[in-house]
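No gaps in the numbering here: position 17 of the sequence shown is 17 in full-length UniProt numbering, and each next residue is one more. In this text, a Cβ means the ideal position worked out from N, Cα and C, and glycines have one as well. Single-structure report; data block below.
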Amino acid sequence: MFNGYENEDDYVRSLKKNETYRFSYNYEIVVNRFGDGDDDVELADASVDITVSWDDSSVPGYIISWNVDAPTSLPNEWTNSKEEIVKEVIVRYLYSDLEANGISSETFKFV
């Protein structure tokens with residue numbers, strides 16, 4: 001028994017809310033540096049689009065997929081890779097947005 005369920009998979013399935021959630025976040029990136037000062041930069045917004053979809057395979061849970069649309073190729077010499085940007089967005093924003101929708105971190109699958 002696991003929290004009153006036959007097994008952990010059944011427990012995780014009981015936590016499922018909707019099939020899919022979509023989130024979009026703006027993330028400020030440095031696209032150019034034209035001087036030595038901290039303010040001597042050209043900034044632009046990258047769009048971080050995240051989809052959270054239910055997967056009911058042998059290990060059930062929500063899978064997080066993502067796309068970063070940036071006005072320049074990443075990484076560049078001033079901005080991290082797309083993967084690093086997504087990690088930061090997930091920690092800063094996505095976890096709390098999912099919790100606000102009633103989605104427990106117990107249901108996240110990292111693949």
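ask   = Enumerated in chain order, which unbroken segments of the alpha helix (DSSP H) with a length of 4 residues or greater are wholly contained in the region 67 to 106?
value = 82 to 89 and 95 to 100
* Status (buried if at least 16 other CB within 10 Å, exposed otherwise) for Glu87 -> Looking at the sequence itself, residue 87 is Lys, so the reference to Glu does not match. Classification for Lys87: exposed.
* Just how far apart, CA to CA, sit Glu8 and Ser65? -> Going by C-alpha positions, Glu8 is about 24 Å away from Ser65.
Kindly indicate which three-state DSSP category Val59 falls into: helix, strand or coil? coil
- Does the separation of the CB atoms of Asp45 and Asn26 fall below 7 Å? yes
### Task
Would you tell me roughly how many angstroms separate the C-alpha atoms of Ser14 and Ile103, rounded to the nearest one?
Their backbone Cα atoms lie some 11 Å apart in a straight line.
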